[in-house]
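What follows is a short report on a single structure.
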Amino acid sequence: MRFEPALEEARLIKRYKRFLADIETASGERLTIHCPNTGSMLNCMSEGCRLWFSRSDDPKRKLPGTWELVETPQGRLACVNTGRANRLVEEALLAGTVTELAGFDELRREVAYGQENSRADFRLMYAGKPVYVEVKSVTLGFDDTTVAAFPDAVTQRGAKHLRELAVLAREGMRAVLLYAVNLSGIKAVRPAVEIDPAYAAALAEARNAGVEVLAYGAQIDTQEIWLERPLQVLL
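Each residue of the sequence shown is one higher than the one before, counting from 52 in this note's numbering.
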């Protein structure tokens with residue numbers, strides 16, 4: 052996936068109200084841009100860090116740009132626009148990169164399912180049999196390890212999705228949780244039990260119920276990003 056229009060570099064002044072970030076471009080222009088990330092962005096940013104944003108000329112937009120990438124305090128690149136994760140996974144599915152899910156006949160997005168009014172990010176069909184796929188974007192890394200973690204904040208929604216997938220698995224359907232690790236220099240991913248023990252417990256229960264847990268790592272630069280390799284999942 053190429054970034055179009057081309058990304059512009061800036062420095063972070065501050066992130067606030069979750070969805071807003073004040074930045075300063077190389078030319079000294081100060082802007083308030085959209086931060087498309089509902090998490091804490093723990094270990095993803097620091098005052099004055101380098102970031103890259105996409106600029107919009109849409110007169111209907113309230114904010115002139117969207118935060119896309121950041122250089123983390125550990126020197127990695129992270130794609131903090133969580134809206135990119137599903138598009139990256141779809142691209143990888145269609146290309147056959149996710150070998151565990153290759154060979155499907157049909158792909159549908161945002162399919163309603165479950166008892167808690169959930170929507171699966173993808174429903175794949177194999178000879179008339181459905182496979183439900185839930186995608187999570189991972190950006191939480193640490194100084195002394197190449198193991199990333201999810202989530203970076205308490206996520207009741209994430210636990211709900213795991214419960215829904217577990218129900219499907221118990222009913223004999225194939226259910227998959229796919230971590231899109233949008234952070235460079237990572238070799239494995241684990242549940243962030245120290246941040247959200249309830250999510251970690253729900254993940255263990257889902258795995259025991261038969262939910263498949265996969266992780267794929269992204270190749271990231273300021274021109275493009277794509278999922279390229281399977282990563283180890285440490286449960």
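Cβ atoms here follow ideal geometry from the backbone N, Cα and C, with glycine treated the same way.
Using CA atoms only, rank isn't needed, just tell me which of the options is closest to residue i.
i: G116; options: I237, C100, A220, A61; result: A61
i: Q283; options: A231, Q125, S97; result: A231
i: R170; options: Y183, R112, E75; result: Y183
i: T197; options: S235, R174, L229; result: S235
i: E161; options: E80, T148, E151, L175; result: L175
i: C95; options: G79, L71, G126, S107; result: G126
i: E122; options: L93, R138, R112; result: L93
i: V131; options: T273, L286, E279, R280; result: T273
i: D73; options: S97, E55, G90; result: S97
i: L265; options: N88, R101, K238, E275; result: K238
i: T89; options: D203, T150, I276; result: D203
i: D156; options: A220, L102, P181, E275; result: P181
i: Y164; options: M224, V149, A143; result: M224
i: W118; options: S105, R112, A129; result: S105
i: E59; options: S91, S107, Q270; result: S107
i: K68; options: V227, L102, P87; result: P87
i: A77; options: R101, F54, S91, F70; result: R101
i: P124; options: N168, R81, E275, T190; result: T190
i: F70; options: M52, E55, S91; result: S91
i: A226; options: A143, E263, D195; result: E263
Leaving out the 5 sequence neighbours to the left and right, which residues in its chain are closer than 7 Å to residue i when beta-carbon positions are compared?
i: G99; result: R62, L63
i: T206; result: D247, Y250
i: G154; result: Y177
i: V186; result: A136, N137, V140, D172, L229, A231
i: G147; result: A153
i: L114; result: T83, I84, H85
i: R241; result: V198, A200, L285
i: V244; result: A251
Taking all protein chains shown into account, decide if residue i is buried (16 or more other Cβ within 10 angstroms of its Cβ) or exposed.
i: A178; result: exposed
i: Y267; result: buried
i: G192; result: buried
i: R135; result: buried
i: P110; result: exposed
i: L145; result: exposed
i: R208; result: exposed
i: L278; result: buried
i: R66; result: buried
i: S188; result: buried
i: A57; result: exposed
i: A129; result: buried
i: N233; result: buried
Taking DSSP's pairing of strands, which residues face residue i in a bridge?
i: K187; result: Y230
i: R81; result: E75
i: E263; result: V227
i: L285; result: Paired residues: none, contrary to the question.
i: L278; result: A269
i: K65; result: D73
i: E60; result: W103
i: R258; result: Bridge partners of R258: none, in fact.
i: V240; result: A199, V284
Apart from the five residues on each side of it in sequence, which residues of its chain come closer than 6 Å, Cβ to Cβ, to residue i?
i: R280; result: G268
i: E222; result: none
i: A257; result: L213, L216, A217
i: A260; result: A217, A220, R221
i: A253; result: A210, L213
Counting only runs of 3+ residues fully inside the region 109 to 181, write out the beta strand (DSSP E) ranges in chain order. 116 to 122, 128 to 130, 157 to 164, 169 to 177
Taking only runs of the alpha helix (DSSP H) that begin and end inside the region 188 to 223, which ones reach a length of at least 4 residues, in chain order? 207 to 221
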